[in-house]
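Here's the structure, in structure tokens; my notes come after.
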Amino acid sequence: MNRRADVLILGGGGVGVAAALYLARRGQRVVLLEKGLIGGQASGVNHGGVRIQGRHVAEMPLALRARRIWENMEAHIGTRAEFVACGHLKLARSEEQAAELDSWDAVAAEFGIRNVKLGRNALREEYPFLGPDCVAGSFLDIDGGANPRLLAPAFAARAREAGAELLERHDVTEMGHDGEGFRLVANGREFRAPFLLNVAGYWAGAVAATFGEPTPIGKTIPNMMVTEPLRHFSGRSIGVVGGDVYLRQTDRGNVIIGGGRAETIDEAQHTRPLPAISRLAMRKAIQVVPQLEGAMIIRSWSGIDGNMPDKIPVIGPSHTTPGLFHAFGFSGHGFMLGPVVGQILGELVLDGRTDVPLEPFDIRRFTGQTVTI
Ligand SMILES: Cc1cc2nc3c(=O)[nH]c(=O)nc-3n(C[C@H](O)[C@H](O)[C@H](O)COP(=O)(O)OP(=O)(O)OC[C@H]3O[C@@H](n4cnc5c(N)ncnc54)[C@H](O)[C@@H]3O)c2cc1C
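For the sequence shown, the working numbering begins at -16 and goes up steadily by one.
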């Protein structure tokens, strides 16, 4: 049976379910098509970092608006998804990295963010568990972390309550615009609407290309692992300049560690972590927190996100097809932004505008570049 809607959403990750909720709450008939399970890809398997520190200057207005949603997440979706503002400590392990750490201070100042700088002695005093390689740090108390397993399903549940139809195991295999509106086919059914949101994560690059807007999208496949529960040493989220290792200890004591890149299999339908990369990441983690030596890794995993050459996403209207809006290529840091980007897509569809400057995220910035999908 054919299905007509006001808005079709291609992809049930964090961005798609947030858009579904906000559009349904504004009275739209929404159908979301997800080839697997809601939040089954990057949005459900990420590190859970909710971080402003270190963001690209273009992303700052987006991240600050996102942070306000996170503060009130319970009012939006009935749960905080375990969000805690535990603060993010970014560390430098050399004088060169310390200089790089300082380079973000101008961005912080421009947006009225107060990050606290720590020298070697202050680090030793406040964070005695850190290894000797850490020479400087920058701490931002409003950063934090949440549980990615909880966020997308909670948005999806509220979206369904608001009347949206979210269809899992619906792989969109045909798509196009016939002059009147969009026509998508999944599981042999046809879906039609005047608006389409392309929020298909890594696979959104191929969708954009189908509508004549190819981009030089690549993959980022972070290698992740978690230790057994350990004696508590810090509730902070911890990262390093360069991003080659990052970690956060949960209340239960497990330490979630990310570092290095995993690999894709089945033509990028699935990912798997690499033991050699996990060992390397663990060695780096031990350099930062020596007491991790000997900790048992109980699970490792990965996931895939679209990676843009300039490390910022594509967000905004298509320039080939009226009614089409893109949001993809979050380059490994879109978990925090999912709720706000979903909200903004809703505003673009219904109001034709938003208060966040989207020019830096325009898909046309890649016009003429070599494309590898
Ligand atoms: C391991 C890892 C760690 C990360 N850590 C962090 C972090 O700490 N902090 C942070 O802010 N960000 C982090 N990220 C990035 C973040 O997870 C992503 O940027 C974000 O989740 C992207 O959300 P999305 O909705 O765009 O994409 P996705 O979650 O990938 O959702 C897109 C959905 O579209 C579906 N889809 C694709 N093609 C089709 C089709 N043809 N038909 C139907 N459905 C389709 C997919 O199945 C998928 O579910 C991490 C990412 C990974 C992989």
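Glycine included, every Cβ here is placed at the ideal spot set by N, Cα and C. Keep in mind the model is a prediction, meaning the values are calculated, not measured.
What is the DSSP secondary structure of Arg107, counted as helix, strand or coil? Numbered from 1 along the sequence shown, position 124 holds the residue referred to as residue 107. It is helical.
Determine the DSSP secondary structure at Ile356, reduced to helix, strand or coil. Against the sequence shown, residue 356 aligns to sequence position 373. Caution applies to Ile356, whose pLDDT of 43 falls short of 50 and renders its modelled position unreliable; the model cannot decide the point.
Check whether the Cβ atoms of Ile21 and Gly61 sit closer than 8 Å, and answer yes or no. Reading the sequence shown from its first residue, position 38 is the one you call residue 21. Reading the sequence shown from its first residue, position 78 is the one you call residue 61. For Ile21 and Gly61, no; Cβs fall outside 8 Å.
How far does the beta strand (DSSP E) with Tyr229 in it extend, from its first residue to its last? As a position in the sequence shown, residue 229 is number 246, starting the count at 1. Here the beta strand (DSSP E) through Tyr229 covers 229 to 232.
Ranges of the alpha helix (DSSP H) found wholly within the stretch 62 to 96, counting only runs of at least 4: DSSP runs (the alpha helix (DSSP H)) wholly in the stretch 62 to 96: 78 to 85, 88 to 93.
Within a Cβ cutoff of 6 Å, which residues of the same chain sit near Lys100, ignoring the five residues on either side of it in sequence? To locate residue 100, count along the sequence shown from 1; it is residue 117. If you ignore the 5 residues before and after Lys100, its C-beta comes within less than 6 Å of the C-beta of Ser121, all in its own chain and listed in chain order.
Can you grab the Cα-Cα spacing for the pair Gly32 / Ser261, in whole Å? Within the sequence shown, numbered from 1, the residue matching residue 32 stands at position 49. Within the sequence shown, numbered from 1, the residue matching residue 261 stands at position 278. Their Cα atoms are separated by approximately 19 Å.
Segment limits, beta strand (DSSP E) that includes Leu(-9): Numbered from its first residue, the sequence shown carries residue -9 at position 8. Element bounds for Leu(-9): -10 to -7.
Applying the 10 Å Cβ sphere with the 16-neighbour rule, what's the burial state of Val40? Translated into positions along the sequence shown, residue 40 becomes position 57. Exposed, because fewer than 16 other Cβ atoms sit within 10 Å of the Cβ of Val40.
Spatial distance of Ala183 from Arg107 (CA atoms): Start at 1 with the first residue of the sequence shown, and residue 183 comes out as number 200. Start at 1 with the first residue of the sequence shown, and residue 107 comes out as number 124. Distance between the alpha carbons of Ala183 and Arg107 is about 44 Å.
With a threshold of 16 other CB atoms inside 10 Å of the CB of Ile240, please say whether the residue is buried or exposed. In the sequence shown, the residue the question calls residue 240 occupies position 257. Classification for Ile240: buried.
Cα separation between Gln357 and Gly162? Nothing can be reported for residue 357, as the shown portion of the chain is limited to -16 through 356.
Ala169 - partner residues in DSSP beta bridges: Taking the sequence shown and counting its residues from 1, the one referred to as residue 169 is at position 186. Looking at the DSSP assignment, Ala169 forms a beta bridge with Val155, Arg172.
May I ask you to verify whether the stretch 291 to 306 touches the stretch 226 to 240, counting CB pairs closer than 8 Å and requiring at least 3? No, they do not touch.
Along the chain, where does the beta strand (DSSP E) that runs through Ser261 open and close? Counted from its first residue, the sequence shown places residue 261 at position 278. No beta strand (DSSP E) holds Ser261; the alpha helix (DSSP H) holding it covers 258 to 271.
Taking C-alpha atoms, which residue in Gly329, Pro322, Asp293 lies nearest to Gly312? Translated into the one-based positions of the sequence shown, residue 312 becomes position 329. In terms of CA proximity to Gly312, Asp293 leads the group Gly329, Pro322, Asp293.
Ala278 to Glu342, Cα distance in whole Å? Along the sequence shown, one-based indexing puts residue 278 at 295. Along the sequence shown, one-based indexing puts residue 342 at 359. Roughly 46 Å between the two C-alpha positions.
Segment contact, 8 Å Cβ cut-off, at least three pairs: the stretch 265 to 274 with the stretch 0 to 9: No: the two stretches stay apart, fewer than three of their Cβ pairs being nearer than 8 Å.
In its own chain, which residues sit with a C-beta less than 8 Å from the C-beta of Tyr229, not counting the 5 before and 5 after it? Translated into the one-based positions of the sequence shown, residue 229 becomes position 246. Setting aside the 5 residues that flank it on each side, Tyr229 is surrounded in the same chain by His30, Gly32, Ser220, Ile221, Gly222, Val223, Ile240, Gly241, Gly242, each with a C-beta closer than 8 Å to its C-beta; the list follows chain order.
Using CA atoms only, rank isn't needed, just tell me which of Gln326, Asp334, Pro340 is closest to Arg51. Taking the first residue of the sequence shown as position 1, residue 51 is located at position 68. For the set Gln326, Asp334, Pro340, the Cα lying nearest the Cα of Arg51 is the one of Gln326.
Chain C beta carbons: is any one of them nearer than 8 Å to that of Glu151? Included in the structure is just one protein chain, with no chain C present.
Considering only residues of the same chain and omitting the five flanking positions on each side of Val168, which have a CB-CB separation below 8 Å? To locate residue 168, count along the sequence shown from 1; it is residue 185. Here the set comprises Val155, Thr156, Glu157, Met158, Phe174.
May I have the straight-line CA-CA distance separating Pro212 from Asp234, to the nearest angstrom? As a position in the sequence shown, residue 212 is number 229, starting the count at 1. As a position in the sequence shown, residue 234 is number 251, starting the count at 1. In a straight line, the C-alpha of Pro212 is about 9 Å away from that of Asp234.
For ligand 1, I want to know if Asn170 counts as a neighbour, meaning its beta carbon is within less than 7 Å of at least one of the ligand's heavy atoms. Position 187 of the sequence shown, counted from the first residue, corresponds to residue 170. Not one heavy atom of ligand 1 falls within 7 Å of the beta-carbon of Asn170.
Would you mind stating whether Phe194 and Ser86 have Cβ atoms separated by less than 8 Å? Here residue 194 refers to the residue found at position 211 when the sequence shown is read from its first residue. Here residue 86 refers to the residue found at position 103 when the sequence shown is read from its first residue. No, these two residues do not count as a Cβ contact at 8 Å.
Report yes if the C-beta of Lys18 is less than 7 Å from at least one heavy atom of ligand 1; otherwise report no. To locate residue 18, count along the sequence shown from 1; it is residue 35. At a cut-off of 7 Å, the beta-carbon of Lys18 counts as near ligand 1: some heavy atom of the ligand is closer than that.
Sequence-distant residues of its chain with Cβ nearer than 7 Å to Leu113 (five each side left out): Sequence index remark: in the sequence shown, residue 113 carries index 130 (1-based). Cβ neighbours of Leu113 beyond the five flanking positions: Leu106, Val271, Val272.
Among all the DSSP beta bridges, which residues are the ones paired with Val357? The question about residue 357 has no answer, for the chain in this structure spans -16 to 356.
Quick one: is the Cβ of Phe318 within less than 7 Å of any heavy atom of ligand 1? Position 335 of the sequence shown, counted from the start, is the residue given in the question as residue 318. Yes, Cβ of Phe318 sits closer than 7 Å to a heavy atom of ligand 1.
Could you check what DSSP says for His59 in three-state terms: helix, strand or coil? Locating residue 59 in the sequence shown gives position 76, counting from the first residue. Reduced to three states, the DSSP call for His59 is helix.
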